Structures are given as structure tokens and as C-alpha cells.
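A short write-up of the structure that comes next.
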Amino acid sequence: MKIGIIGAGLSGLTCGWYLKKNSIDDIIIFESSEKAGGKIKTDRIDGFQLDRGFQVLLPAYPETKKVLNYDKLQLQRFHKGSLIYKNNKKIPFYDPENGFKALLKTVVNGPGSLIDKLILLKLKWTIGRLSVEKIFNSKKTITSLEYLRELGFSERIIEDFWIPFYQGVFLENTLDTDSRMLQFTFKMFAEDGAAVPKEGMDAIPRQLVDYIGVDKIRFNTKVLHYDNKSITTSDGKTESFDKVVLACNISKNGNYHTVTNNYFETEKLPIDTKHVILNANPNRVINNVVMISNVAPNYSRNGKHLISVSANGIHLEVDDFLTDLKSIFGLEVANWKLVKSYIISEALPVINFEKKYKPLSPEGVFCCGDHLLQGSINGAMESGRRTAEEIIKGV
Ligand SMILES: Cc1cc2nc3c(=O)[nH]c(=O)nc-3n(C[C@H](O)[C@H](O)[C@H](O)COP(=O)(O)OP(=O)(O)OC[C@H]3O[C@@H](n4cnc5c(N)ncnc54)[C@H](O)[C@@H]3O)c2cc1C
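According to the numbering used here, the sequence shown is numbered sequentially starting from 273.
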């Protein structure tokens with residue numbers, strides 16, 4: 273059986289991975305760009321590893337656990353929790369798993385009231401006991417912000433922690449994202465934190481490509497037309513297939529959240545931390561700052577430190593970032609040098625959770641991709657697996 277897959281992002285690669293695992297390896301993956309990985313790519317510039325947009329793997333993701341070899345990825349872990357900056361103050365919000373001192377700091381100086389911390393513990397306990405299926409099968413449709421208010425959190429902790437933290441996860445500022453996504457990611461963060469592979473985020477797609485075989489991918493080959501039995505590429509060739517998988521948003525349907533990610537180099541770190549730093553200042557531009565080479569030393573191989581700074585939306589002026597960074601870290605920011613700026617206009621898809629994902633379209637074309645299920649590594653890989661299973665079922 274000959275399968276044609278359009279797109280070598282995580283969803284297309286995961287589909288190919290499962291097909292090969294089930295002895296279907298007459299596949300061709302058509303990829304319009306020069307590399308596999310889609311939204312997960314890493315550039316190597318002047319001894320730095322720069323992920324194209326700050327991203328993390330949550331090792332608790334059920335789909336990545338099924339496929340990826342974490343030992344080979346050599347995951348470099350963030351410390352659980354966050355360090356919040358607001359009005360020239362540092363507010364620690366550390367996970368109790370960081371030790372008693374961390375717990376004490378959080379209880380005494382952390383954001384919100386004692387009641388907020390008790391609600392948080394209850395949430396951790398409740399969501400810890402819910403399965404991922406149960407979370408996504410829930411019929412309740414409310415936004416994440418409505419959900420947090422319904423749980424009884426004070427406006428103070430919502431402003432100081434929840435909004436700054438989830439702005440960076442959802443890449444939108446008002447927490448309009450469906451509350452099921454907040455529950456799912458909260459569960460994942462609580463279970464096993466966040467990490468990046470030692471050799472950059474693109475080690476994830478590289479591992480899938482190694483298994484599938486790079487000879488199965490046709491790079492720099494854009495698909496112009498397709499149906500359930502054929503694919504036509506920009507060089508004018510049409511090939512026949514037994515099944516066709518569309519693993520990208522070829523017609524660019526739907527809306528996306530946008531993010532700007534600037535990387536800076538510096539001789540001296542403003543703070544020695546492996547926590548994500550959240551900016552909770554009013555009128556902020558940037559969401560978060562990460563001392564990425566402190567978390568993952570291979571992100572800099574030239575003796576300098578690499579700092580990742582993200583802001584939702586499009587920001588062409590680096591000065592917008594520097595003004596915010598100075599309000600957090602002071603004048604030493606003047607010595608930071610911009611390494612590279614990434615503006616990602618189609619970062620996370622806006623998902624309607626009421627629309628159920630179906631791996632087979634009425635036209636007989638199989639389809640997968642984060643835009644059809646959830647905007648995450650887990651969502652992309654789940655859709656790829658479910659598409660492969662649908663194909664295997666019909667064999
Ligand atoms: C800045 C940013 C931050 C993120 N942060 C996180 C995070 O921290 N954690 C997390 O879990 N997820 C995160 N994500 C989401 C995650 O990266 C994506 O959900 C996932 O990589 C999407 O994979 P995909 O295969 O669905 O789509 P894509 O990655 O978009 O893959 C589609 C592929 O199809 C190719 N293609 C498109 N059109 C054609 C054509 N006509 N012919 C041939 N090929 C074509 C594209 O070049 C691409 O390679 C982030 C995404 C971004 C952009």
C-alpha cells in the first residue's frame with residue numbers, strides 16, 4: 273500500500289512513524305520547506321541553539337511518551353513553578369517539590385492569599401485524578417479565565433500568576449482559550465514539569481525522521497493539489513497513491529495566535545535561575561524571560577549566556593522589549609546584545625473544542641495537524657497517531 277503524506281511537521285511525521293511501526297513503509301512525505309519539523313525548528317548561529325519561538329516539551333504528554341525516547345533526547349529540565357516580577361518586587365511561586373525552603377518562600381511571599389494557595393492545592397489534587405480523556409470529553413465550555421474565577425481564585429493571584437503564566441502557554445493575553453486546555457496543561461506541568469532536549473527542540477522531529485528514514489521525505493516540494501488518490505506538486509508532477517494524508521493546514525483555515533521571540537546574549541546573568549520568569553507588571557509587552565542556557569547549557573557553546581524573551585503579538589521594535597526588560601532587571605540590560613528575532617504569525621491555532629476531530633474527511637482524504645485537535649506537541653502527535661490508526665484499520 274502506497275501512502276502520500278503532505279507535511280513533515282510533527283503530525284505528518286507521527287503518522288509516518290505509526291505506519292512504519294505497523295509495517296506500512298511505502299510512504300512519501302512531501303515537505304515544502306528545506307527541513308522536517310514544521311513549527312519545531314532550531315537554528316544554530318554563532319555557537320547558540322535558537323528554537324524558532326520559545327517552546328517546551330511537557331514530558332508528561334501521553335502522546336510523546338508513546339513515541340519518543342526521552343533518554344536519547346537528554347531532557348534538560350526547568351525548575352517547577354515560576355518567579356514573578358511585579359512593581360520592582362520578586363514574587364516566588366515555587367512548586368513544593370523544589371524543597372521545604374521553596375515551599376516556605378511561596379507560602380510567605382508567594383502571590384495571592386492563603387485561600388488562593390489552598391484552592392491551588394485542591395485543583396492540583398482534583399486534576400491529578402482526572403484522566404486526559406475525561407478532561408477533553410467534558411461537555412463544559414467556558415474560557416480559562418471564567419474557569420479560574422469559578423474556582424474562587426482572587427483577582428490578585430489571577431493577575432499576578434495565572435494570566436502572566438498562561439499568556440506564555442496559550443500565546444494570547446485574555447485567557448479566552450477553552451478551560452479544558454488549561455486543565456490539561458496544568459495537569460501536565462504538575463505531573464512532570466517542562467523540559468527542552470539537550471540538542472534543541474528540533475531533536476524531537478529528528479528522532480521521528482531517524483526512525484522513518486530521511487529518504488522517505490521529499491524536501492522543498494510544495495503540494496499544489498491533492499485528492500484521495502493523487503498528489504500534484506509545484507514541479508508539475510502528479511503521483512498516485514492508495515491513500516493520501518493531509519498533515520498541514522494547506523488552505524490556511526482558522527485563526528492563529530502570534531508571538532515574537534527575541535534572543536539576547538550576555539556575559540553576565542541578571543539572575544541565576546532555572547525557573548520561567550513571568551512579567552506581571554501592568555502595561556507590559558513581554559510575557560516571560562528564560563535563562564535558557566542556564567536550563568540547557570548546550571544552548572550556548574561560546575561561553576556567553578543565552579536569554580529567551582517572548583511577547584505575544586508582532587513586535588518589530590526591540591526597544592519595546594528592552595524597556596520592559598529594564599523595568600525588571602535594571603540598567604544592566606543595556607549590555608545585552610540581540611542575537612535574533614523571530615516573529616511567528618501562525619503560532620498556535622485557535623481551536624473550537626465543540627468541533628470533533630475526524631481523521632477521515634468525507635472526500636476520503638485522511639487529515640491530521642494541531643489545527644484540527646489542540647495547538648500543542650501532544651495535539652499534533654495525537655492527530656498523527658489517530659490518522660495512522662484509521663489507515664491501518666482499513667488495511
Ligand atoms: C512559537 C511556538 C511555540 C509553541 N510552544 C509550544 C510549547 O511550548 N509546547 C507545545 O506542546 N507546543 C507548542 N507549540 C505548538 C507545536 O509546536 C505545534 O502544535 C506542532 O509543532 C504542530 O505540528 P503540525 O504537524 O500540526 O503542524 P506544522 O508544524 O505546521 O507542520 C506542517 C508542515 O507542513 C508543511 N506544509 C505546509 N503546506 C505544505 C504544502 N502545500 N506542501 C508541502 N508541505 C506543506 C509545512 O512546511 C510544515 O512542515 C508552539 C508552537 C509555536 C509556533
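Each residue gets a CB set at the ideal place from its N, CA and C atoms; glycine is no exception. Owing to the predicted nature of the structure, the values given are computational and were not obtained by experimental measurement.
If you check the CB distance, asparagine 560 and histidine 643 do not come in under 7 Å. With a cut-off of 8 Å on Cβ pairs, the stretch 474 to 494 is not in contact with the stretch 430 to 438, counting fewer than three such pairs. Apart from the 5 residues on each side of it in sequence, leucine 423 sits with its Cβ closer than 7 Å to the Cβ of Ile391, Leu395 in its chain, given in chain order. In this structure, the straight-line span from the alpha carbon of lysine 344 to that of serine 426 is close to 43 Å. In the three-state reduction of the DSSP assignment, glycine 276 falls in the strand class. If you draw a straight line from the Cα of isoleucine 407 to the Cα of leucine 347, it is about 27 Å long. Isoleucine 299 places its beta carbon less than 7 Å from that of isoleucine 275.
Of all alpha-carbon atoms in Arg657, Val481, Ile564, Val605, the one lying nearest the alpha-carbon of valine 328 is that of Ile564. Pairwise C-beta distances place the stretch 505 to 519 out of contact with the stretch 544 to 557, as fewer than three of them are shorter than 8 Å. For proline 621, no alpha helix (DSSP H) segment is defined; the enclosing uninterrupted segment is the beta strand (DSSP E) at 609 to 621. For valine 562, the number of other beta carbons within 10 angstroms of its own is at least 16, and it is reported as buried. Cβ atoms of aspartate 474 and lysine 313 come within 8 Å of each other, at about 5 Å. The Cβ atoms of threonine 336 and arginine 657 lie no closer than 7 Å to each other. Assigned with DSSP and collapsed to three states, valine 516 falls in strand. The shortest C-alpha to C-alpha distance from tryptophan 289 to any of Ile476, Leu550, Phe601 is the one to Ile476.
Under the three-state reduction of DSSP output, valine 581 falls in the strand class. Counting every other CB atom within 10 Å of its CB across the protein chains shown gives lysine 338 a total below 16, marking it as exposed. Proximity of the stretch 452 to 471 to the stretch 586 to 595 falls short of the contact definition, fewer than three beta-carbon pairs being nearer than 8 Å. For valine 468, the closest C-alpha among the options Asp323, Gly651, Ser304, Lys628 is that of Asp323. The residue from Ala552, Asp596, Lys540 with its alpha-carbon nearest to that of leucine 578 is Lys540. Ligand 1 approaches valine 495 closely enough that one of its heavy atoms is under 6 Å from the residue's Cβ. Burial of arginine 478 is indicated by the presence of at least 16 other C-beta atoms within 10 angstroms of its C-beta. Taking C-beta atoms as the reference points, threonine 415 and aspartate 388 fail to come closer than 7 Å. The beta carbon of isoleucine 586 is closer than 8 Å to those of Thr530, Thr532, Ile615, Ser617 in its chain, skipping five residues each way along the sequence.
Annotated three-state conformation of histidine 547 is coil, per DSSP.
The continuous beta strand (DSSP E) containing proline 469 extends over residues 467 to 469.
Per DSSP, threonine 530 is one residue of the beta strand (DSSP E) stretching across 528 to 538. With a cutoff of 7 Å on beta-carbon distance, valine 605 and valine 516 are scored as not near each other. Boundaries for asparagine 570: no beta strand (DSSP E) harbours it, and the DSSP string shows neither H nor E there.
The three-state secondary structure of isoleucine 300, taken from DSSP, is strand. Note on geometry: alpha-carbon atoms of methionine 460 and proline 334 lie some 9 Å from one another. Around the Cβ of asparagine 650, a 10 Å sphere holds 16 or more other Cβ atoms; the residue is buried. Setting aside the 5 residues that flank it on each side, arginine 428 is surrounded in the same chain by Pro383, Gly384, Ser385, Asp388, each with a C-beta closer than 8 Å to its C-beta; the list follows chain order. Residues Leu644, Leu645 of the same chain have their beta carbon placed closer than 6 Å to that of tyrosine 629, with the five preceding and five following residues left out of the count. Taking a C-beta distance under 7 Å as the contact criterion, glutamine 321 and tyrosine 571 qualify as a contact pair.
For phenylalanine 461, the uninterrupted alpha helix (DSSP H) run begins and ends at 451 to 464, by DSSP.
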